[in-house]
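Chains as they are written, first to last, in our numbering: chain L, 50 to 275; chain S, 2 to 500. Presented below is the structure to which this report refers.
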């Protein structure tokens, strides 16, 4: 029962080379050369991770990501050839959990995927349910309830919320969140955290523009206010 | 065979543009004008000279006219008065007794002050000072001998007088002196006011000239500022359109030039950017394929292993080059946006070294520099540090470089800047090449050697651009301990953390 990756890339040579390298790393790789084919394969193969190149013919990578997000919270990694801010932020806002710039090393991608698939570590006291405002956090089930109804968060959004909830009121810097949630070192991209906080707010806050729970502490980071 | 001298072709060609003759003000002022006069000064000079010339001309003309007028008037008055008095003398002399004394008394009664009467071959003097010695001989001859009335201007005891002579019957003559004092005083005050007026006019001229010069030169200043802005990278700078027909030529052609330049630069930057992006795709394939081969390296025969190593090395180098090219093209297009954060300097440098090509390099931090914050884009600055480390690895001899962080300020002053230094044990950089090493693709001498082996020579120029974007500087100097080797220094603004 290996981990399945769905790799969506239109360049044939890149597709073949990446598949080879990833299979060496121990992943099972299904290929799709366009967004349309990817949607079909997604339903058929139920991958554990989806790798999407932004530049696709037909449906572009952002659109594909949004489509997948409508029905699934599977980890998505965007692959960009341009590391322009616009592309990165657009990819993250479309629902991606992380991004990589071409050319990347398969080892690097593997590290990213492993970080995204990590199970939430149980805290010292075991899993604790946490209630604040209209939200209820159930870490061992991976669920968040809002006024009793489940809120659909991606795995990464959920992990982010759990990390903040680990010590409510404590300020977490972007660096530490990048490390705990994404497994990045000192040079991780802070935009990952920023966009994910934005996404989290749209899902759990009554007024995302004036957050009551996931609060920014200027110059320092973020904290969970209960 | 006779040799004919080659014709001097150059002599026939007109020299393009250069005029061997000196500009006009140089010719006038000659050796006095040591440096070329600016446009503003020339305009001011013209205004001043004009004001001086005009007011001088005006003053001179006015004075001359006034003078002749006033003198003429006095003259006429004197002649008139003398004539009347002569008639009186004449009539008195006809009466009894015929003596000049009577006439003198009569004149005195009339209030004539300076008469002289020639009667009976002798002078009768009315006023002590005005004796016959004061009469010019020429005048005497004319009046007495030629019996013709005449006048002359003489100075008596320092005072100017008009002396008029009227011949009388019986070989007599009447002479009268009239003081020109009043005239002189009048002329004096006229001269003074004209001088004053001239001075004021000149000063006004200078003031107007300064103003005019300033106004005339302003468009030049504006154009110069615009040119400076463009040179500094703000390629969209343009001059405002003006209604002035003389200046609109300048504005239009300047704007055309700026637009063409901007297009050029943007096109070049886009080209470099597009090419680099295109290169990333085949590089992806190459990188992934090399990775697959690396995983099976042990299964390969020796020659294949060697080939794989070369391939791997160059693919890595190629990747670095593409990234550098992309970053440089972003600089050229002015498209870099720094992601500024506050970073603990010491922590940052240690992390940057840890991900560089020589992670074991020793980092020494001064006590104060441990507590210092810098503001920077952490990934870009890390690249700068990595570039310096790469440089040290390639050209700095076989030993690890020494990295140090130190504040530049003395102990009693707050920290304003820090120096991050990377010192190697290589041959160092000769003084005349220290500028060159930071240029793109620099070649020549040891700069060439530094550049050509790895990284295609963009690393240091990127480091320079990045550091400058952060408001700092980077340079190379000798090692601080005097040993052979290069010391690359990054200077950045920093603040101490206050507890």
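C-beta atoms are modelled at their ideal positions from N, C-alpha and C, and glycine is treated no differently.
Among the options, the one whose alpha carbon lies nearest that of residue i
{"i": "residue 383 of chain S", "options": "S:257, S:463 and S:297", "result": "S:463"}
{"i": "residue 69 of chain L", "options": "S:172, S:335, S:400 and S:294", "result": "S:294"}
{"i": "residue 202 of chain S", "options": "S:51, S:470 and S:362", "result": "S:51"}
{"i": "residue 20 of chain L", "options": "S:361, S:404, S:355 and S:329", "result": "Not covered by the structure: residue 20 of chain L. The range shown for chain L is 50 to 275."}
{"i": "residue 134 of chain L", "options": "S:340, S:376, S:238 and S:261", "result": "S:340"}
{"i": "residue 312 of chain S", "options": "S:331, S:323, S:253 and S:290", "result": "S:290"}
{"i": "residue 491 of chain S", "options": "S:419, S:498, S:484 and S:439", "result": "S:419"}
{"i": "residue 116 of chain S", "options": "S:140, S:95, S:90 and S:255", "result": "S:90"}
{"i": "residue 48 of chain S", "options": "S:138, S:206 and S:132", "result": "S:206"}
{"i": "residue 476 of chain S", "options": "S:421, S:286, S:411 and S:428", "result": "S:421"}
{"i": "residue 188 of chain S", "options": "S:72, S:489 and S:336", "result": "S:72"}
{"i": "residue 150 of chain S", "options": "S:174, S:162, S:159 and S:226", "result": "S:174"}
{"i": "residue 330 of chain S", "options": "S:441, S:180 and S:479", "result": "S:441"}
{"i": "residue 494 of chain S", "options": "S:376, S:424, S:479 and S:380", "result": "S:376"}
{"i": "residue 195 of chain L", "options": "L:80, L:203, L:212 and L:180", "result": "L:180"}
Segment limits, beta strand (DSSP E) that includes residue i
{"i": "residue 64 of chain S", "result": "First-last for residue 64 of chain S: 40-95, but that is the alpha helix (DSSP H), not the beta strand (DSSP E)."}
{"i": "residue 77 of chain L", "result": "77-81"}
{"i": "residue 167 of chain L", "result": "Neither: residue 167 of chain L is in no beta strand (DSSP E) and is coded neither H nor E."}
{"i": "residue 497 of chain S", "result": "487-497"}
{"i": "residue 420 of chain S", "result": "418-424"}
{"i": "residue 407 of chain S", "result": "403-408"}
{"i": "residue 367 of chain S", "result": "Element bounds for residue 367 of chain S: n/a, residue is neither H nor E."}
{"i": "residue 162 of chain S", "result": "160-169"}
{"i": "residue 301 of chain S", "result": "Here residue 301 of chain S belongs to no beta strand (DSSP E), and DSSP marks it neither H nor E."}
{"i": "residue 186 of chain L", "result": "184-187"}
Buried versus exposed call for residue i [16 or more other C-beta atoms within 10 Å across all chains shown]
{"i": "residue 277 of chain L", "result": "With chain L running from 50 to 275 in the structure shown, residue 277 of chain L is simply not present."}
{"i": "residue 268 of chain S", "result": "exposed"}
{"i": "residue 170 of chain S", "result": "exposed"}
{"i": "residue 92 of chain S", "result": "exposed"}
{"i": "residue 277 of chain S", "result": "buried"}
{"i": "residue 58 of chain L", "result": "buried"}
{"i": "residue 143 of chain S", "result": "buried"}
{"i": "residue 297 of chain S", "result": "exposed"}
{"i": "residue 436 of chain S", "result": "exposed"}
{"i": "residue 7 of chain S", "result": "Only weak support is given to the placement of residue 7 of chain S: the predicted model assigns it a pLDDT of 46, under 50, and the question is left unresolved by the model."}
{"i": "residue 234 of chain S", "result": "exposed"}
{"i": "residue 111 of chain S", "result": "exposed"}
{"i": "residue 416 of chain S", "result": "buried"}
{"i": "residue 431 of chain S", "result": "exposed"}
{"i": "residue 439 of chain S", "result": "buried"}
{"i": "residue 188 of chain L", "result": "buried"}
{"i": "residue 16 of chain S", "result": "Residue placement at residue 16 of chain S is flagged as unreliable, the pLDDT there being 47, under the threshold of 50; the coordinate-derived value follows with that caveat. Exposed."}
{"i": "residue 132 of chain S", "result": "exposed"}
Chain-order list of residues whose beta-carbon lies under 8 Å from that of residue i (same chain, five-residue window excluded)
{"i": "residue 61 of chain L", "result": "82"}
{"i": "residue 161 of chain L", "result": "126, 147, 149, 231 and 232"}
{"i": "residue 51 of chain L", "result": "75, 76 and 77"}
Sequence-distant residues of its chain with Cβ nearer than 6 Å to residue i (five each side left out)
{"i": "residue 216 of chain L", "result": "none"}
{"i": "residue 205 of chain L", "result": "146"}
{"i": "residue 274 of chain L", "result": "262 and 264"}
{"i": "residue 446 of chain S", "result": "With a pLDDT of 48 at residue 446 of chain S, under the threshold of 50, the modelled position of that residue is not reliable, and the figure given next carries that caveat. Excluding residues within five positions, the ones whose Cβ falls inside 6 Å are 434."}
{"i": "residue 480 of chain S", "result": "424, 486 and 488"}
Where the alpha helix (DSSP H) through residue i begins and ends
{"i": "residue 112 of chain S", "result": "Counting along the chain, residue 112 of chain S falls outside any alpha helix (DSSP H), and DSSP gives it neither H nor E."}
{"i": "residue 205 of chain L", "result": "204-215"}
{"i": "residue 379 of chain S", "result": "379-396"}
{"i": "residue 201 of chain S", "result": "182-232"}
{"i": "residue 92 of chain L", "result": "84-94"}
{"i": "residue 101 of chain L", "result": "Here residue 101 of chain L belongs to no alpha helix (DSSP H); instead the beta strand (DSSP E) covers 98-102."}
Residues of its chain near residue i, where Cβ-Cβ distance is below 7 Å and the 5 sequence neighbours each way are ignored
{"i": "residue 269 of chain L", "result": "220 and 222"}
{"i": "residue 370 of chain S", "result": "346, 347, 406, 407, 408 and 419"}
{"i": "residue 139 of chain L", "result": "111"}
{"i": "residue 213 of chain S", "result": "44 and 48"}
Residue i at chain B interface by Cβ criterion, 9 Å
{"i": "residue 332 of chain S", "result": "In summary, chain B is missing from the structure at hand, where the protein chains are L and S."}
To be precise: take each residue of the region 80-113 of chain L, compare its Cβ to all Cβ atoms of chain S, and keep it if any distance is under 8 Å. Which residues remain? none
Residues from the region 287-298 of chain S in contact with chain L, defined by Cβ distance under 8 Å: From the region 287-298 of chain S, only 287, 288, 289, 290, 292, 293 and 296 have a Cβ closer than 8 Å to chain L.
Counting only Cβ-Cβ distances shorter than 7 Å, please list the residues of the region 368-386 of chain S near chain L, keeping chain order. 379, 380 and 383
Which residues, taken in chain order from the region 276-287 of chain S, show a beta carbon closer than 7 Å to some beta carbon of chain L? 278, 281, 282, 284, 285 and 286
Please name the residues in the region 123-155 of chain L whose beta-carbon is closer than 9 Å to at least one beta-carbon of chain S, in chain order. Here the close residues are 128, 130, 131, 132, 133, 134, 150, 151, 152, 153, 154 and 155.
Mind listing which residues of the region 206-238 of chain L have their C-beta closer than 9 Å to chain S's C-betas, in chain order? 223, 234, 235, 236 and 238
Name, going along the chain, the residues of the region 315-331 of chain S whose beta-carbon falls closer than 8 Å to a beta-carbon of chain L. 320
Contact residues within the region 252-270 of chain S, judged by C-beta distance below 7 Å to chain L: Residues passing the 7 Å Cβ filter: none.
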